[in-house]
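Written out below as structure tokens is the structure these notes cover.
Protein chains: 4
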Amino acid sequence: MCQCAVRTNTGRMNITKKKMDPDLRKKSILACAKKLFSKNGYYETQISDIVKEADIARGTLYQYFKNKDDIFETLMNNFYRQWEDTVSLVNAGIDLKTIDPVEYFRYRVKMTLVFFESDADLCNIVLKMGQGLSKHFDSIIKKFEKKIVNLISGDLELGIRNGNVRNDLNVEIAASLLSGAIMRVAYDFFAVKRKSGQEYGVEKITEEISKIFTAGIFSRNN
Amino acid sequence: MCQCAVRTNTGRMNITKKKMDPDLRKKSILACAKKLFSKNGYYETQISDIVKEADIARGTLYQYFKNKDDIFETLMNNFYRQWEDTVSLVNAGIDLKTIDPVEYFRYRVKMTLVFFESDADLCNIVLKMGQGLSKHFDSIIKKFEKKIVNLISGDLELGIRNGNVRNDLNVEIAASLLSGAIMRVAYDFFAVKRKSGQEYGVEKITEEISKIFTAGIFSRNN
Amino acid sequence: MCQCAVRTNTGRMNITKKKMDPDLRKKSILACAKKLFSKNGYYETQISDIVKEADIARGTLYQYFKNKDDIFETLMNNFYRQWEDTVSLVNAGIDLKTIDPVEYFRYRVKMTLVFFESDADLCNIVLKMGQGLSKHFDSIIKKFEKKIVNLISGDLELGIRNGNVRNDLNVEIAASLLSGAIMRVAYDFFAVKRKSGQEYGVEKITEEISKIFTAGIFSRNN
Amino acid sequence: MCQCAVRTNTGRMNITKKKMDPDLRKKSILACAKKLFSKNGYYETQISDIVKEADIARGTLYQYFKNKDDIFETLMNNFYRQWEDTVSLVNAGIDLKTIDPVEYFRYRVKMTLVFFESDADLCNIVLKMGQGLSKHFDSIIKKFEKKIVNLISGDLELGIRNGNVRNDLNVEIAASLLSGAIMRVAYDFFAVKRKSGQEYGVEKITEEISKIFTAGIFSRNN
DNA sequence: TATGAATGAGTATTCATTCAT
DNA sequence: GATGAATGAATACTCATTCAT
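Written out as structure tokens, the structure is:
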């Protein structure tokens, strides 16, 4: 159960009123929904589950959200905004002029992982269900997918212009590859809790990813 | 209030019945289902859609499949079997003793892409919906995911033992990364038809992936 | 081919909704179901019949009962409980020490008939469909059947010990016989409305049954 | 599986032809149906079950019977005819003029039990499902029920006229009671195999039933 | 005559949404 | 605002019966 429900028992027999700041209530519903969507997916999560988890009445939910889709969309938009904030260079005070390109790549990877690590449920929803949802959500998902690929493409093209990235690199393919690689690692190591094997932190994983893409996998003599 | 009808007979009456070889019919249903699952996902594909697409009666479908899940599972298992066949080294007559390690890596990547390219719908289903489905399908999906990661891990470990792969590579992370990278590229370039941009063939993409992982992304001086 | 509609909203729109005390509603559904099961049997009673009879929406029924079986089981359990209450000696303040054995037999018979007479529908369901239902209900039916036979057996054995019942009576056969006899009479005279012939009340029938069995079961000195 | 199927394998691959005397085939289907109706009841017995049990094709069944009801009706009518034969006095060469009334009662009871014992399945169907079936079968069931009650009533009235049965006996109630008693005993001891307790034969049970009813029904001088 | 693939009306059940209280 | 009983279109699945082979 969500811990966010404040109960103010005013009635006597079977009416239990709960007064809560609308903003908090909305957040609480979102939190519960996120948890359930993450665990069971969009289709296997029922309104009644969310309502139970949030400890509110069925009807109450509809005072905060137009419908089930609205909840999901809100979650996705939040995700999108947070992701933009996290990976933004501006917020970090990075100076493109002075930063070392490999350092720069490492930074991007790290921030992406940091973001995913910070909210396993949200990350789980996006990475797991990604594109398996109805046409309805396509636009939102696609927006995010495009953004991430564009970001990577931009970085790669910049690198090529600066001579830091080899100029025969196919940016389109590389961007697709990088986004798949990083998101999959994030999913495997942060979204689903690893049953066996060592747990790695963001630093360690960032390091490995950087090394692979920086120098490749094979020994130098190849 | 109640008409109390003893089940009225419902057999068809005056429309010509087309009998078909059961094997063909099953395949036909599977083909239609695959197309629709690929297009609309599992949850948004209705039995009635499949039945309409296959141009059969509702009941006919249930003579071939226990239920909706059964259809999907069959599809997934087919996918799994075909994938194993395609990427198998044995079938290709590869000799691990003599093959060049980079060549070997290129071969693995290529066969995976070949496989995904050969059946865009099947590939779409697996890559798109991957883990976003009900708990029900977890075992099948997980089996495939595990298999692909194990395969990559095995290859990497072999490479390390042979001195072809740098021995400080974290195999666990690298395997996750590689599977994500390759499957994402397959999805982007084969499953969803690219709206804009150039179309690349398997050869071209294999080449790019190999280059990135063989030597890294950055220029040698890094 | 497929319209791919994301579940359209289906809540009611413009018809006045009558809210009812849940307890009353449940009782009302049960009453309607009882009536229909009695009239048409379990298999020939459709959920849609019950829903029509109760003047509620399809979905409403499922807020009160898990499924069709659940309704039937509830009815049977109610029956069972009511029967126990009715035939219980405790409730009637009977003193086994002082009561005349024939009087005692008469009392048992009478209370059973009283019970069956009080609810023709319930009695009809049990007596009519008795053992002809699916394996599902076996346990409930069997429980009742066993209970009634045990009750009679117990009475007979007590009678034998007290010297009131002839000691060469085969209790097993007699108990089966008595339960069949009494329940059949109850069914013939209370459950199905007699088309022709005289209507008898509980008193009259009790009297007749007692007369027939008294001489055959009890010791001569009675 | 029914043992009645004669297989004449003429085809080679997947067509198996069985030629059988139409009368035998019909009997075989009836035997299988009886077994299944007895075990699972009318509604829980599927055509596909019967067909499997009889080891014939679905369509073949419909060459022998109009529909499912037809099979059941045939079974019921057979039952009815056999019962009439068994309990008929004529067949037994009984002389009403000379037979002792108690002996006569005992004979009736015994023949009824003999009949039920001879075919546990048929007996099970009738006794178990009795009146819990659809309106459709009502007429058949009712016919049998009425017949048995009439038979008993007739005997009792004759007894009264002859002074063998006490003249204050309520024939209507007694007939209902007797039919219920005897059929229940038949069901308990012959239709369902007794799990525990002693097994009694027809003689023993007839004896007990006679003893119980003799004293209560017949005039004291008997 | 035997077969069994095909049929489709019928049935139980679900669940997002509404609205009287 | 909060509640939760009521809604009913939608959906999966069944199974007696038919008929082309």
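Protein chains in written order, with the working numbering: chain F, 20 to 241; chain C, 20 to 241; chain X, 20 to 241; chain U, 20 to 241. Ideal placement from N, C-alpha and C gives every residue a C-beta, glycine not left out.
{"Query": "Return the residues of the region 69-96 of chain U that lie within a Cβ-Cβ distance of less than 9 Å from chain X, sorted by chain order.", "Result": "none"}
{"Query": "Is F186 (chain X) close to chain U? Criterion is C-beta to C-beta, closer than 7 Å.", "Result": "It should be noted that the sequence gives Asn, not Phe, for residue 186 (chain X). With 7 Å as the cut-off, N186 (chain X) does not count as an interface residue toward chain U."}
{"Query": "Compare the C-beta of T225 (chain F) against all C-beta atoms of chain C and say whether one is closer than 7 Å.", "Result": "no"}
{"Query": "Using Cβ-Cβ distances below 8 Å, what residues of the region 189-204 of chain F are close to chain C?", "Result": "N189, E191, I192, A193, S195, L196, L197, S198, G199, A200, I201, M202, R203 and V204"}
{"Query": "Can the beta-carbon of V190 (chain F) be found closer than 7 Å to that of L175 (chain F)?", "Result": "yes"}
{"Query": "Apart from the five residues just before and just after T233 (chain U), which ones in its own chain have a Cβ nearer than 6 Å to its Cβ?", "Result": "V121"}
{"Query": "Straight-line CA distance for S229 (chain U) to I118 (chain U)?", "Result": "16 Å"}
{"Query": "Leaving out five residues before and five after D207 (chain C) in sequence, what residues of the same chain have Cβ atoms less than 7 Å from its Cβ?", "Result": "none"}
{"Query": "Mind checking whether K36 (chain X) and Y83 (chain X) have CB atoms under 7 Å apart?", "Result": "no"}
{"Query": "Quick check on G235 (chain U) - is its C-beta less than 7 Å from some C-beta in chain X?", "Result": "yes"}
{"Query": "Please classify F56 (chain U): does DSSP put it in a helix, a strand, or coil?", "Result": "helix"}
{"Query": "If the cut is a Cβ gap below 7 Å, which residues of chain U does K46 (chain X) touch?", "Result": "Neighbours of K46 (chain X) on chain U: none; closest Cβ ~25 Å, over 7 Å."}
{"Query": "Can you tell me whether F84 (chain X) is helix, strand or coil according to DSSP?", "Result": "coil"}
{"Query": "What number of angstroms, rounded off, separates the C-alpha of A200 (chain U) from the C-alpha of K223 (chain U)?", "Result": "15 Å"}
{"Query": "For L141 (chain U), is the classification buried or exposed, using 16 other Cβ atoms within 10 angstroms of its Cβ as the cut-off for buried?", "Result": "buried"}
{"Query": "Nearest chain X C-beta to T126 (chain U) closer than 7 Å, yes or no?", "Result": "At residue 126 (chain U) the sequence reads Tyr, which differs from the Thr that was named. It does not: the Cβ of Y126 (chain U) has no partner Cβ on chain X nearer than 7 Å."}
{"Query": "Give me the Cα-Cα distance between R127 (chain C) and V106 (chain C), rounded to the nearest whole angstrom.", "Result": "7 Å"}
{"Query": "Any Cβ of chain X within less than 7 Å of the Cβ of F232 (chain U)?", "Result": "yes"}
{"Query": "I'd like to know if D207 (chain C) contacts chain F, where contact means its C-beta is closer than 7 Å to some C-beta of that chain.", "Result": "yes"}
{"Query": "Please report the distance separating the alpha-carbon of F98 (chain C) from that of N183 (chain F).", "Result": "41 Å"}
{"Query": "Is there a Cβ of chain X sitting closer than 7 Å to that of Y62 (chain U), yes or no?", "Result": "yes"}
{"Query": "Please compile the residues from chain X whose C-beta is within a distance smaller than 7 Å of the C-beta of I228 (chain U).", "Result": "L196"}
{"Query": "Mind checking who F237 (chain U) pairs with in its DSSP beta bridge?", "Result": "U:V184"}
{"Query": "Indicate the three-state DSSP secondary structure (helix, strand or coil) for L108 (chain C) in the structure shown.", "Result": "coil"}
{"Query": "Straight-line CA distance for D42 (chain C) to S67 (chain C)?", "Result": "21 Å"}
{"Query": "Looking only at C-alpha atoms, which of U:V221, U:K162 and U:M39 sits nearest to F134 (chain U)?", "Result": "U:V221"}
{"Query": "To the nearest angstrom, report how far apart R77 (chain C) and Y61 (chain C) are at their CA atoms.", "Result": "18 Å"}
{"Query": "Report all residues from its chain with a CB closer than 7 Å to the CB of Y219 (chain X); omit the five preceding and five following residues, and keep chain order.", "Result": "F208"}
{"Query": "Near A194 (chain U), what residues of its chain come up, given a Cβ to Cβ distance below 6 Å and the 5 sequence neighbours on each side ignored?", "Result": "V168, I171 and S172"}
{"Query": "Between T64 (chain X) and the rest of its own chain, which residues show a CB-CB distance below 6 Å, the 5 nearest in sequence each way excluded?", "Result": "L55 and F56"}
{"Query": "Where does A73 (chain F) fall in DSSP's three states?", "Result": "helix"}
{"Query": "For D40 (chain X), which of helix, strand or coil comes out of DSSP?", "Result": "coil"}
{"Query": "Which chain C residues sit within Cβ distance under 7 Å of F99 (chain F)?", "Result": "The identity of residue 99 (chain F) in the sequence shown is Tyr, whereas the question assumes Phe. Under the 7 Å cutoff, chain C gives no residues; its nearest Cβ is about 18 Å from Y99 (chain F)."}
{"Query": "Once the 5 residues before and after K116 (chain U) are set aside, which same chain residues still bring their CB inside 8 Å of it?", "Result": "none"}
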